[in-house]
Amino acid sequence: MWKWQGTSHFYIYYQSVSRAVLHVLQAYEKQGIVTLIQWRTLPKSDEIDPNRSIYRIGHSLSHNDCLHRSNARFVALVDIDELIIPK
């Protein structure tokens with residue numbers, strides 16, 4: 034659907050995916066359709082998990098990273114299950 038609407042490239046940020054899903058995404062990456070970005074979590078200890086306190090900030094960071102990395106005229110920041118339906 035996205036390609037049909039004219040999307041030329043996808044930036045996919047991930048933290049954890051199954052090997053099967055990663056294999057499929059890497060096939061698209063080899064075709065030049067997708068850029069995969071592993072969005073790593075911060076190290077944690079038994080007492081402190083900094084990832085819990087920066088969850089929302091992490092979304093903003095990845096969005097900003099995508100905007101600057103793509104250097105595109107138009108960027109849609111959407112989840113994999115969302116679609117844009119033009120009028």
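If you count the sequence shown from 1, position 20 lands on 53 in my numbering, and the numbers rise without skipping. All C-beta atoms in this analysis are idealised placements derived from N, C-alpha and C, irrespective of residue type, glycine included.
Per DSSP, Q64 is not a residue of any alpha helix (DSSP H), being assigned neither H nor E. Rounded to the nearest angstrom, the Cβ distance from Y44 to R89 is 20 Å, too far for a contact under 8 Å. Taking 8 Å as the cut-off, the beta carbon of E80 is found no closer than this to the beta carbon of L69.
As the crow flies, the alpha-carbon of L94 is around 17 Å from that of P76. In the three-state reduction of the DSSP assignment, I117 falls in the coil class, being assigned neither a helical nor a strand state.
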